[in-house]
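A.B. asks: Here you go, one structure.
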Amino acid sequence: MTTFPAIDTVAHRVLERVRDAALTPIAEDVIHGRRLDAEQGMTLFRTSDIWTVCSLADLVRRRLNGDVAYYNVNRHLNYSNICALSCKFCAFHRKRDQDGAYEYSLDDIRDEAIKAIDAGATEMHIVGGLHPWLPFEYYLDMLRTIRETAPRVHIKAFTAVEIVHLARIAKRGREKEEGIRWVIRQLKEAGLGSMPGGGAEVFDDRVHSETHRGKISGDQWLIVHRLAHEEGLNTNATMLYGHVETFEDRIRHMQLLRQEQDRTLLDWARTQGACTQTAIDHDGAEHEAVVLTDPATAAAGLQPTSETCSTGYYQTLIPLPFIPDDSELEHLPGPMGLENLRTMCVSRLMLDNFPHIKAFWIMQTLEMAQFMLQNGADDIDGTVVWYDITKVDGAGTHQEVTQRDLQRAAREAGFHPVERDTLYRTVHRDGREWTVDED
Ligand code: SF4
583 MTTFPAIDTV
593 AHRVLERVRD
603 AALTPIAEDV
613 IHGRRLDAEQ
623 GMTLFRTSDI
633 WTVCSLADLV
643 RRRLNGDVAY
653 YNVNRHLNYS
663 NICALSCKFC
673 AFHRKRDQDG
683 AYEYSLDDIR
693 DEAIKAIDAG
703 ATEMHIVGGL
713 HPWLPFEYYL
723 DMLRTIRETA
733 PRVHIKAFTA
743 VEIVHLARIA
753 KRGREKEEGI
763 RWVIRQLKEA
773 GLGSMPGGGA
783 EVFDDRVHSE
793 THRGKISGDQ
803 WLIVHRLAHE
813 EGLNTNATML
823 YGHVETFEDR
833 IRHMQLLRQE
843 QDRTLLDWAR
853 TQGACTQTAI
863 DHDGAEHEAV
873 VLTDPATAAA
883 GLQPTSETCS
893 TGYYQTLIPL
903 PFIPDDSELE
913 HLPGPMGLEN
923 LRTMCVSRLM
933 LDNFPHIKAF
943 WIMQTLEMAQ
953 FMLQNGADDI
963 DGTVVWYDIT
973 KVDGAGTHQE
983 VTQRDLQRAA
993 REAGFHPVER
1003 DTLYRTVHRD
1013 GREWTVDED
């Protein structure tokens, strides 16, 4: 394990070595924990001084999460790839009569839950297509089956897109907030513990109409997560980048998420004494922002937890590079390594109220995720096992790494690997038994 110098020393070194003068005021803002605006975000995307961008992201990452690299022991379950939609960037979906279409029975799901227990998983991560015919009861039964079979395994399931689909098939109206809230409550009662961050893509109407028309809008996605937070569920967020969107679109996506998190965490920040600052919304209005990356807030270890926050909140952003293979956008090149790295860094710097930024190794590769740990990311996701949604060149659906692989990747990058559960509590193992640190 390498020893990392004190944050002040690092900040001083970064300031000394800035090569692009446009980055100096940004570096000063980051060092003092001041929120960055959209123009500064664009400068971070455009500068050729990638070293400074990486160094600043690393500074913030260490300020928030020290030398810890999180991973978890999880099992992904993609219960069906049959989908009513045909998003252009998606190579996962099938129509019902198409080769490769599948759906899991409840027995299959029970088997998956047993495998999760056998593998020592603390989490099942469940998402699927928008199946046109499965009834709402199927989803409740899925959760109840897992709950009965594997009562200790946390169920993180259903993107906002699926939740809206469920409101429609439950005949609660996909547009109505009370219908969506009703669905969330039903799912929670059946065992849902939190929500993943998929389906966000990039919050922009042009991108929406060019690549995933028919899917819910960015506004609706944000509303579903807001309702989930109000119902006490923690959620996560993604950003699928590197297709037809612009850097401006990526920055706006981050701003919208940041603004939502401000709203979610404001009461928590006031009661806990975390830093708040006046900030300007993406549409020009002033509001009170919660800045976890403020040096004093971070030094006091003030991060929301399920114990201290009366609602749910966004835990992590997962920037996802678009992988063109087998999609309708196969003609696009997709982002390369340096762009992936820079997007990770900019995400860390812009999302000053997100406790975690994840390098999802399945889509970034484990080697790149390792590098990203040194440049903004503090989490590399988990052991996964099966993943049907997207595959990096040559990878199959069986994508499994062991805990030892993840620990080695973290240590080699100079970090202390910590197994977390879905809510970022530390997991302790003793043979096949595991416990978590309570908040
Ligand atoms: S991205 Fe999701 S909603 Fe779109 S086609 Fe694929 S599975 Fe269906």
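Numbers in the numbering used here are just positions in the sequence shown, counted from 1, shifted up by 582. Each residue gets a CB set at the ideal place from its N, CA and C atoms; glycine is no exception.
1. Assuming Leu902 and Ser929 are in contact, meaning their beta carbons sit under 8 Å apart, how far apart are those beta carbons, in whole angstroms?
2. Would you mind sorting Arg795 into buried or exposed? The rule is 16 or more other CB atoms within 10 Å of its CB.
3. Three-state secondary structure (DSSP) at Tyr652?
4. CA-CA distance, Asp934 and Arg617?
5. According to the Cβ coordinates, are Gly711 and Ile664 closer than 7 Å?
6. Just mark Arg1041 as buried or exposed, buried being the case when its beta carbon has 16 or more other beta carbons within 10 Å.
7. By how many angstroms is the C-alpha of Asp649 removed from the C-alpha of Gln885?
8. If contacts are defined as beta-carbon pairs under 8 Å, then Pro937 and Gln989 qualify, I think. What distance do you get, rounded to the angstrom?
9. Is Leu667 near ligand 1, going by C-beta to nearest heavy atom under 6 Å?
10. For the candidate residues Arg734, Arg644, Thr860 and Tyr720, whose alpha-carbon lies nearest to that of Arg845?
11. Using 8 Å for Cβ pairs, my map puts Ala732 next to Ala698. What's the rounded Cβ distance?
12. Pick out the complete beta strand (DSSP E) segments inside the stretch 823-887, 3 residues or longer, and give them in chain order.
13. Using the C-alpha atoms, what's the distance from Ser687 back to Thr727?
14. To the nearest angstrom, how far is it from the Cα of Tyr661 to the Cα of Ala739?
15. Consider the C-beta atom of Gly779 and the heavy atoms of ligand 2; say whether any pair is separated by less than 6 Å.
16. How close, in whole Å, do the beta carbons of His864 and Arg834 come, if the pair is a contact with beta carbons under 8 Å?
17. Beta-carbon within less than 7 Å of Val746's beta-carbon, same chain only, minus the 5 sequence neighbours each way: which residues are those?
18. Just to confirm, are Leu722 and Ala772 a CB contact at a threshold of 7 Å?
19. In the DSSP assignment, find the unbroken beta strand (DSSP E) run with Thr999 in it and report its ends.
20. How long is the line joining the alpha carbons of Glu783 and Cys636, rounded to whole angstroms?
21. Pop quiz: Ala593 and Ile613 are said to be a contact at Cβ under 8 Å. What is the actual Cβ separation, rounded to whole angstroms?
22. Output the boundary residues of the beta strand (DSSP E) element that contains Gln956.
23. Name the DSSP bridge partner or partners of His938?
24. Roughly how many whole angstroms lie between the Cα atoms of His538 and Arg1014?
25. So, helix, strand or coil for Glu705, using DSSP?
26. Please state whether the Cβ-Cβ distance between Leu911 and Lys670 is less than 7 Å.
27. Under the three-state reduction of DSSP, which class applies to Arg657: helix, strand or coil?
28. Taking the alpha carbon of Cys891 as the point to measure from, which residue in Asp786, His825 and Arg852 has its own alpha carbon closest?
29. When you compare only the Cα positions, how much space is there between His713 and Arg657?
C.D. replies: Based on what the coordinates show:
1. Contact flag wrong, Cβ pair sits at about 11 Å.
2. exposed
3. strand
4. 7 Å
5. yes
6. In this structure the chain extends from 583 to 1021, so residue 1041 is not present and cannot be described.
7. 16 Å
8. That pair is no contact at about 21 Å.
9. yes
10. Thr860
11. 6 Å
12. 858-862 and 868-872
13. 11 Å
14. 11 Å
15. For the structure depicted, ligand 2 is absent and the ligand set comprises only ligand 1.
16. 6 Å
17. Arg756, Ile762, Ile798, Gln802 and Val806
18. yes
19. Thr is not the amino acid found at residue 999; the sequence shown has Pro there. First-last of the beta strand (DSSP E) with Pro999: His998 to Glu1001.
20. 24 Å
21. 4 Å
22. Taken as a continuous stretch (DSSP letters only), Gln956 belongs to no beta strand (DSSP E), as it is neither H nor E.
23. Thr898
24. Here the chain comprises residues numbered 583 to 1021, so residue 538 is not present and cannot be evaluated.
25. strand
26. yes
27. strand
28. Arg852
29. 21 Å
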